[in-house]
Amino acid sequence: MKCIDVAGGTGDIALRILDFAREKYADRETSVEVVDINEQMLKEGYRRFKKTMYHNTPQISFHEANAQSLPKEKFRDNSYDLYTIAFGIRNVTSIPAVLDEAYRVLKPGATFACLEFNKVDNPLLGTLYDQYSFHIIPLLGTILTGDRASYQYLVESIRKFPAQPNFAQMIRDAGFGLKFNFETLGDN
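Numbering that gives the first Met the number 0 puts the first residue of the sequence shown at 0, with every later residue one more than the last.
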């Protein structure tokens, strides 16, 4: 299986894919191309993979590229079995452009897997979540890392992300058929 993990610079998802393929199916052929726009994140992922059995194998590679316009000579049409993006799509400037690129590089019938935070629509849970996210998360970020701004950005970017039905429509508009599994705290 040929996979592309976009906004995956640290390699966390790629490692899980490779380990799963090896452990569940004894598959040593699955490969993951990690793509990120941030060179520092890619360096961190490469550093982490140096400590794994996949280092210096054709199963893993790291590429600096923009998810909104993947270079066509490197990321060919209809060439991947799985496209993953975890906690990255809410940070791009054009979600439709990323979805269009995902559709372009995936083989017909292949899988697009997106893991992302989302707003809470339930009024009671939403109020509790807002209090927690806008007050506690930035405070914890300040205490634990000295970096309030990054944690404030996190909660603001979650709030700005399209609601699930709107995001689902964006995915449809890119050409995908949908099989959704919304994982929430009993909401939706």
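A virtual CB, placed ideally from N, CA and C, is assigned to each residue, including glycine.
Q: Look at the alpha carbon of Asn187 and the alpha carbon of Ser149, and state the distance between them as a whole number of angstroms.
A: Interpretation of Asn187 is limited by its pLDDT of 45, a score under 50 that renders its predicted location unreliable; the figure taken from the coordinates is listed afterwards. Cα-Cα distance, rounded: 28 Å.
Q.
Do Asp4 and Val33 count as a contact pair if the criterion is CB distance below 7 Å?
A. yes
(Q) Looking only at its chain, what residues have a beta carbon closer than 8 Å to the beta carbon of Ala109, apart from the 5 residues adjacent to it on each side? (A) Tyr79, Asp80, Leu81 and Tyr82
Q) With C-beta atoms as the reference, is Cys212 less than 7 Å away from Ile88? A) Outside the displayed range of the chain (0 to 187) lies residue 212, so it cannot be described from this structure.
Q | Where the alpha helix (DSSP H) containing Pro164 begins and where it ends | A | Gln163 to Asp172
Q. How about Ala20 and Val31: do their beta carbons lie closer than 7 Å?
A. no
Q | Ser18 - DSSP class collapsed to helix/strand/coil | A | For clarity, residue 18 is Asp in the given sequence; the question names Ser instead. DSSP places Asp18 in helix when its eight states are reduced to three.
Q.
Helix, strand or coil, according to DSSP, for Glu237 in the structure here?
A. No statement about residue 237 is possible, as the shown extent of the chain runs from 0 to 187 and does not include it.
Q | Separation of Phe116 from Phe74, as counted between CA atoms | A | 27 Å
Q: In the DSSP assignment, find the beta strand (DSSP E) that holds Lys1 and state where it starts and stops.
A: Lys1 to Val5
(Q) Restricting to Cα atoms, I'd like to know which of Thr9, Val154 and Arg158 is closest to Ile135. (A) Val154
Q | When Asp120, Thr29, Leu127 and Gln151 are compared against Pro57, the one with the closest alpha-carbon | A | Thr29
Q. By Cβ distance below 7 Å, which residues in the same chain neighbour Arg103 in space, the five residues on each side in sequence not counted?
A. Asp76
(Q) Please report the straight-line C-alpha distance between Glu121 and Phe86, rounded to a whole angstrom. (A) Checking the displayed sequence, the identity of residue 121 turns out to be Asn instead of Glu. One C-alpha to the other measures close to 22 Å.
Q: With DSSP as the reference, label Gly108 as helix, strand or coil.
A: strand
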